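In my numbering, the protein residues as written are 43 to 438.
Backbone N, C-alpha and C define an ideal beta-carbon position, used for all residues, glycine too.
Given the structure is predicted, the values throughout are model-derived calculations rather than measurements.
One structure is given here, and the rest of the page talks about it.
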Amino acid sequence: MFFSARTLIHRDCQCIRPTQTARASTRMSTRAMSTGRRPFRVLALETSADDSCVAIVDASRRIFSNIVHSQNSLHQPQGGIHPMLAMLAHQRNLPTALRRALTEAKLEMADIDGIAFTRGPGLPGCLSVCLNAAKALAAAHNKPLVGVHHMQAHTLTPHLTLDSPPSFPFLSLLVSGGHTMIVLVSSLTEFRVLCNTVDRSIGATIDRVVTLLKIPWTEKGPGAGLEKFCAETAEEDSEHVPEYSPPTPMPGKLAFSYSGLHSWVERTVFAAGGLENVNRRALARAFQNAAFEQLETKLSLVLRSYGHGVRHIVVSGGVASNTLLRQRLKRSARDPVEFIFPDPALCTDNAAMIAWASMHRFLAGSHDDFSINPLPVWSLADLNNPPIPDLAGFKL
């Protein structure tokens, strides 16, 4: 029996449950994926930011379990992720997530063939929790170990979930709390960053604006809170709504910039004499539209320069779960380019994508030794030649 990654979400502890699909993947040789008796099976850990994640996936794309312990209630009072609190929460939550993943999969560690984990990029303290847990499991149970690039895993998610995944080369729009970039993906391991942010990511900017405008979070975090707040109708919407005109950053250039958009929201509130004198919902909508319009504009520029032979654009990362963004990008699509969006639950951080991104290395007999260190800063362009980590200079 094979499974795909459709999902059900529960509030505090998200449990991503598999549902049946008609057929297995035909993209790799079944013999190559097999341990000799069944497809290779990976247990993966992900703690790069504020979610404690454990999943078990095999080489036939069966997702046995995919557990996500959210920390949103912990970080909302801080107005964003507090690195030390996140690290301590991972230390508490990861053992529980591991036990749940094995229990729901009805498996034991003896049934696992390899251990994968997020090596980077991410918060140094959080990555260390993941790394140390993965090393301990691999050493105690004599399993091979593979460290995974977090953004590579986001990019390859459709190859886990779709029977007909995007063909190479394809473009990947990665939009998250730590990254905003457009990447040309030529193979499982070949990435060229075409457009990156020069200052702040779209996700980090959303977090700051949500705090500034005092928008309530949802159980899914600040980004979902912004989406809900902008989508709701309210009594003030029937009144005169002021016209807010956000700036257009770096026009004509292959670069993202979001710090100016945050500064514009700050200046607008200050010029009005405080938050009580602005239409928060109208201002939030203007911000959200401007943030998404920038993504559309830069994608159009990239397609003009690098779109030859590209038939698919994969949109992933936490911000990609926003319904309005998906609608806008779909409307902007021009033949023959098609947008591919993973299930919203697999856009946000999860360990199933980490397991799948590690699979090609396990199947090739490649793995890491126990001297491996986390890489808090790690460009996708350096995937095959990771930098030597200088952890002394990093803060938690």
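Sequence-distant residues of the same chain with beta carbon closer than 7 Å to VAL188, five excluded per side: Indexing the sequence shown from 1 puts residue 188 at position 146. Result list for VAL188: GLY156, ALA158, SER400, ARG403, PHE404, HIS409, ASP410, in chain order.
Quick one, are the C-beta atoms of ASP100 and ARG83 less than 8 Å apart? Your numbering for residue 100 matches position 58 in the sequence shown. Your numbering for residue 83 matches position 41 in the sequence shown. For ASP100 and ARG83, yes; Cβs fall inside 8 Å.
Sort out for me which residues DSSP pairs HIS354 with in a bridge. As a first step, residue 354 is located in the sequence shown; it is residue number 312 there, counting from the start. HIS354 pairs with GLU380.
Beta-carbon proximity check, ALA91 vs GLY164, cutoff 8 Å: Position 49 of the sequence shown, counted from the first residue, corresponds to residue 91. Position 122 of the sequence shown, counted from the first residue, corresponds to residue 164. Yes, the Cβ-Cβ distance between ALA91 and GLY164 is below 8 Å.
Using the Cβ count rule (16 or more neighbours within 10 Å means buried), how would you classify ARG323? Mapped onto the sequence shown, residue 323 falls at position 281. Its Cβ being crowded by 16 or more others within 10 Å, ARG323 is buried.
Rounding to the nearest angstrom, what Cα-Cα distance links LYS295 and PRO378 in this structure? As a working note, residue 295 is residue 253 in the sequence shown. As a working note, residue 378 is residue 336 in the sequence shown. So the alpha carbons of these two residues sit roughly 24 Å apart.
Which term fits ILE224, buried or exposed, when burial requires 16 or more other beta carbons within 10 angstroms of its beta carbon? In the sequence shown, residue 224 corresponds to position 182, counting from 1. Under a 10 Å Cβ-count criterion, ILE224 is classified as buried, with 16 or more other Cβ atoms of the shown protein chains found around its own Cβ.
Do you know whose CA, among SER94, SER287, PHE383, lies nearest SER358's CA? As a working note, residue 358 is residue 316 in the sequence shown. Per the Cα distances, PHE383.
Length of the line joining the Cα atoms of VAL320 and SER115: Along the sequence shown, read from residue 1 onward, the residue named residue 320 stands at position 278. Along the sequence shown, read from residue 1 onward, the residue named residue 115 stands at position 73. C-alpha separation (whole angstroms): 28 Å.
Could you tell me if GLY267 is buried or exposed, where buried requires 16 or more neighbouring beta carbons within 10 angstroms of its beta carbon? Taking the first residue of the sequence shown as 1, we reach residue 267 at position 225. Burial call: buried.
Quick test of your reading: LEU425 and THR231, contact by CB under 8 Å. State the CB separation rounded to the nearest angstrom. Along the sequence shown, one-based indexing puts residue 425 at 383. Along the sequence shown, one-based indexing puts residue 231 at 189. Sure, about 6 Å apart at Cβ, within 8 Å.
Expressed to the nearest angstrom, what Euclidean distance is found between the alpha-carbon atoms of HIS124 and HIS350? By 1-based counting over the sequence shown, the position of residue 124 is 82. By 1-based counting over the sequence shown, the position of residue 350 is 308. Linking HIS124 to HIS350 through their CA atoms gives a straight-line distance of about 42 Å.
Name the DSSP beta bridge partners of THR260, please? Residue mapping note: residue 260 aligns to position 218 of the sequence shown, counting from 1. DSSP lists GLY263 as partners of THR260.
Neighbourhood of LEU127 by C-beta distance below 8 Å, restricted to the same chain and skipping five residues each side: As a first step, residue 127 is located in the sequence shown; it is residue number 85 there, counting from the start. Hits under 8 Å: GLN113, LEU116, HIS117, GLN120.
When you compare only the Cα positions, how much space is there between LEU366 and SER342? As a first step, residue 366 is located in the sequence shown; it is residue number 324 there, counting from the start. As a first step, residue 342 is located in the sequence shown; it is residue number 300 there, counting from the start. Computed Cα separation, rounded: 18 Å.
Selection from PRO207, LEU144, LEU236, GLY219 that minimises the alpha carbon distance to SER347: Indexing the sequence shown from 1 puts residue 347 at position 305. When only C-alpha atoms are compared, the closest one is LEU236.
Between which two residues does the beta strand (DSSP E) containing LEU216 stretch? One-based indexing of the sequence shown puts residue 216 at position 174. Run containing LEU216: 212 to 217, per the beta strand (DSSP E) assignment.
Give me, in chain order, the residues of the same chain whose beta-carbon lies closer than 8 Å to that of ALA423; leave out the 5 immediate sequence neighbours on both sides. Translated into the one-based positions of the sequence shown, residue 423 becomes position 381. Excluding sequence neighbours, ALA423 sits near PHE233, ARG234, VAL235.
Since ASN238 and PHE298 are thought to touch, with beta carbons under 8 Å apart, how far apart are those beta carbons, to the nearest angstrom? For the purposes of this step, residue 238 is taken as residue 196 along the sequence shown, with counting starting at 1. For the purposes of this step, residue 298 is taken as residue 256 along the sequence shown, with counting starting at 1. Sure, about 7 Å apart at Cβ, within 8 Å.
Bridge partners - PHE159, DSSP secondary structure assignment: For the purposes of this step, residue 159 is taken as residue 117 along the sequence shown, with counting starting at 1. BP columns for PHE159 point to LEU87, GLY189.
Determine, using beta carbons only, whether ASP391 and GLU146 come nearer to each other than 8 Å. Residue 391 sits at position 349 when you count from the first residue of the sequence shown. Residue 146 sits at position 104 when you count from the first residue of the sequence shown. Taking 8 Å as the Cβ cut-off, ASP391 and GLU146 do not qualify as a contacting pair.
Cβ of PRO416 within 8 Å of Cβ of GLY162? In the sequence shown, the residue the question calls residue 416 occupies position 374. In the sequence shown, the residue the question calls residue 162 occupies position 120. Going by C-beta atoms, PRO416 is nearer than 8 Å to GLY162.
Tell me the residue span of the beta strand (DSSP E) that contains ILE109. If you number the sequence shown from 1, residue 109 lands on position 67. From DSSP, the beta strand (DSSP E) with ILE109 extends over 105 to 112.
Check MET223 in the structure and name its three-state DSSP category. Position 181 of the sequence shown holds residue 223. In this structure, MET223 counts as strand in the three-state DSSP scheme.
Considering only the beta carbon of each residue, do VAL190 and ILE396 sit closer than 8 Å? Mapped onto the sequence shown, residue 190 falls at position 148. Mapped onto the sequence shown, residue 396 falls at position 354. Cβ distance < 8 Å, so VAL190 and ILE396 count as in contact.
Starting from the N-terminal side, write out each stretch of the beta strand (DSSP E) that is 3 residues or longer and does not extend beyond the region 291 to 372. 354 to 358
To the nearest angstrom, report how far apart PHE412 and ALA175 are at their CA atoms. Here residue 412 refers to the residue found at position 370 when the sequence shown is read from its first residue. Here residue 175 refers to the residue found at position 133 when the sequence shown is read from its first residue. Roughly 12 Å between the two C-alpha positions.
Own chain partners of LEU317 with C-beta closer than 6 Å, once the 5 adjacent residues on each side are dropped: As a working note, residue 317 is residue 275 in the sequence shown. Cβ within range, chain order: VAL311.
Within the same chain, show all residues whose beta-carbon is closer than 6 Å to that of PRO186, passing over the 5 residues directly before and after it, in chain order. Counting from 1 along the sequence shown, the entry for residue 186 is found at position 144. If we look at PRO186 and ignore the five residues flanking it on each side, its Cβ neighbours are GLY156, HIS409.
With distance defined between alpha-carbon atoms, name the residue in VAL356, VAL419, LEU371, ILE414 nearest to SER209. Start at 1 with the first residue of the sequence shown, and residue 209 comes out as number 167. Out of VAL356, VAL419, LEU371, ILE414, VAL356 has the C-alpha closest to the C-alpha of SER209.
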